[in-house]
Structure formats: structure tokens, C-alpha cells
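> The structure follows.
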Amino acid sequence: EAEVAQSPRYKITEKSQAVAFWCDPISGHATLYWYRQILGQGPELLVQFQDESVVDDSQLPKDRFSAERLKGVDSTLKIQPAELGDSAMYLCASSPIRGSGSSYEQYFGPGTRLTVT
Amino acid sequence: DAKTTQPPSMDCAEGRAANLPCNHSTISGNEYVYWYRQIHSQGPQYIIHGLKNNETNEMASLIITEDRKSSTLILPHATLRDTAVYYCIAGGGGATNKLIFGTGTLLAVQP
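Read top to bottom, the protein sequences are chains F and Z.
The first sequence begins at 35 in the numbering used here and counts up by one.
The second sequence begins at 143 in the numbering used here and counts up by one.
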């Protein structure tokens, strides 16, 4: 069964350092999502891509976070500089594209747990 | 996206049906009801979704009231591996299919 791949699974970094996470969605899935999940809370959408284009980044802290999906396949989420409050699980998800107004399930990867010290 | 209300926790005996309620009284006509679950330290897993009609798949059944203001996820024969946080989400169906997760229900299946 196809899965969303993420790396690394765990990352410890010092505050003010740069950190990057990688995601490879399920083959053929045009839509890719990055979520952040703070302990005890549900995932919160940071950015959504349709192919290589950003369709929603309203919750992305753009002063320190950036995301790209250059060829419309895999994606990288970067934080620079990292702050203590960035400690969380970073989840990637993908979904197939359907017609406008249709519903489609999102498939999540295992996540990257970031600890900022 | 409509707000959902779920109990913070529930218990269920192994082998029995688990019925997880969700209130979404402000759901709009084009919003779907989605259920996901998250086992500890893993990514969320899609379970089922529906718009108006009841739905069933190999994992669960989804019962949506006629007025669409509430729904129930049914796991017909709960096992210990079903212990997880279950999220009910009302949303999607629009241009971005955005899902807003709440804090969910922690289902503890007891042996």
C-alpha cells in the first residue's frame, strides 16, 4: 500500500538554528499539505499545495517558515531560525485531485517530531 | 468551516461496538463530515466520510442525522488496536478541501 514518506522522523535542534523537513507524497497525488501538531492538540494546517502552487498558506508564519514543492512532487518545509515554541510534530499529507466541490480523503505520513532546545 | 463538539474521552470494552458522537450543528450544505483517528505518535488515519447518507466501509460506519447536525461513528467490534484519538471534522468540499481538526475523543478500549 502506497504511503506518504517523511524524513527525518526525529530532529533535535538548538534555537536560532535552521531546520528542514522533507515529504514525499503518494505517487499521483496532486495536493500536498503540511500540518503542525502541538502536544495535546489536533493538527493545524500550515500550507497547502496544488501541484507546485501554494493554494493556502494563511497559517504559515512567513517570517521564519518557508515551504516549496518545486516540481510538484516532493516538498520541503524549512524553519529559520527555530524558536522554542516550534517544538511540535510536523505532519505531511497528500490527497488525489477530484472535481471541484468533491470530497477527498487526506493520507498522512508518520510525521517529524521536532524538539528545539 | 463548521465547529464540531466531541466528548474528550470514552471507554469501550473489547469486542463491543464503540459509538463515538459528534455535534456539528453549524454545518453548511456543502460541508462533509470526516472522521480520522490518530494512534499515539503516528500520523492521523482516514476512517470514513459522508455528506448526507449513512456510509459504511471495512473500518467503520458513519450515521448522519437527517438534519445533519450530528453524527455517530460506529466501530462494530472494537479491539485494543482501536485505542486512539478520534477526530470528527466538518468541512472540505470546497476549492481547498481544508480540514480543521479539534481536540477529538480519546477512545480507550479495555480488555
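Think of the CB as a built atom: it goes at the ideal place given N, C-alpha and C, for glycine as much as any other residue.
Could you give the uninterrupted runs of the beta strand (DSSP E) lying entirely in the stretch 192-232 of chain Z, keeping only those of 3 residues or more?
You should have 203-206, 212-217.
> Do L125(F) and F142(F) come within 9 Å of each other at the CB atom, strictly closer than that value?
Yes, these two residues count as a Cβ contact at 9 Å.
> Is the CB-CB distance between A39(F) and Q71(F) below 9 Å?
Not closer than 9 Å, so no.
> How do the stretch 39-48 of chain F and the stretch 94-103 of chain F stand: do at least 3 beta-carbon pairs fall below 8 Å, yes or no?
Flag = no, the stretch 39-48 of chain F and the stretch 94-103 of chain F do not touch.
> Should the stretch 243-251 of chain Z be regarded as contacting the stretch 223-232 of chain Z, the criterion being three or more beta carbon pairs within less than 8 Å?
Yes: at least three Cβ pairs fall under 8 Å.
> List, in chain order, every chain Z residue whose beta-carbon is nearer than 7 Å to that of G76(F).
Under the 7 Å cutoff, chain Z gives Y229, F243, G244, T245, G246.
> Given that S128(F) touches chain Z, what residues does it touch there, using C-beta distances under 9 Å?
In chain order: nothing, as chain Z lies at least about 11 Å away.
> Is the CB of S183(Z) under 9 Å away from at least one CB in chain F?
Yes, its Cβ sits closer than 9 Å to a Cβ of chain F.
> Is the CB of N318(Z) under 9 Å away from at least one CB in chain F?
Because residue 318(Z) is not part of the residues shown, which for chain Z are 143 to 253, the question remains open.
> Considering only C-alpha positions, which residue in the set P144(F), Q114(F), L66(F) is nearest to K49(F)?
Checking every option, the nearest Cα to that of K49(F) belongs to Q114(F).
> What does a CB cutoff of less than 6 Å around P59(F) pick up in its chain, not counting 5 residues either side in sequence?
Here the set comprises V38, L66, S128.
> At a CB-CB cut-off below 7 Å, which residues of chain Z make contact with G143(F)?
Chain Z residues near G143(F): G185.
> Could you tell me which chain Z residues have their CB closer than 8 Å to the CB of Y138(F), listed as they occur along the chain?
Going along chain Z in sequence order, the residues near Y138(F) (Cβ under 8 Å) are G234, N239.
> Please confirm if H166(Z) has its CB atom under 9 Å from at least one CB of chain F.
No - not a single Cβ of chain F is within 9 Å of the one on H166(Z).
> Secondary structure at D153(Z), three-state DSSP: helix, strand or coil?
Note: D153(Z) maps to strand in three-state DSSP.
> Please give the ranges of any alpha helix (DSSP H) in the stretch 155-184 of chain Z, keeping only runs that are unbroken, at least 4 residues long and fully inside the region.
The stretch 155-184 of chain Z contains no whole alpha helix (DSSP H) run of 4 or more residues.
> Excluding the 5 residues preceding and the 5 following W56(F) in the sequence, name in chain order all residues of the same chain whose CB lies nearer than 6 Å to its CB.
For W56(F), where only same-chain residues beyond five positions count, the Cβ hits under 6 Å are S41, T110.
> Would you mind working out which of E35(F), T47(F), A36(F) sits nearest K112(F), comparing C-alpha positions?
Nearest C-alpha to K112(F): T47(F).
> Rounded to whole angstroms, what's the CA-CA distance from L94(F) to Y176(Z)? Just pull it up for me.
In a straight line, the C-alpha of L94(F) is about 24 Å away from that of Y176(Z).
> Just the C-alpha distance for Y63(F) and C154(Z), rounded to the nearest angstrom, thanks.
First, the residue type needs correcting, since residue 63(F) is His and not Tyr in the sequence shown. For H63(F) and C154(Z), the distance between alpha carbons rounds to 36 Å.
> Work out the CA separation of R158(Z) and G233(Z) for me, nearest whole Å.
The alpha-carbon atoms of G233(Z) and R158(Z) are separated by roughly 30 Å.
> For the beta strand (DSSP E) containing I113(F), list its first residue and its last residue.
First-last of the beta strand (DSSP E) with I113(F): 109-113.
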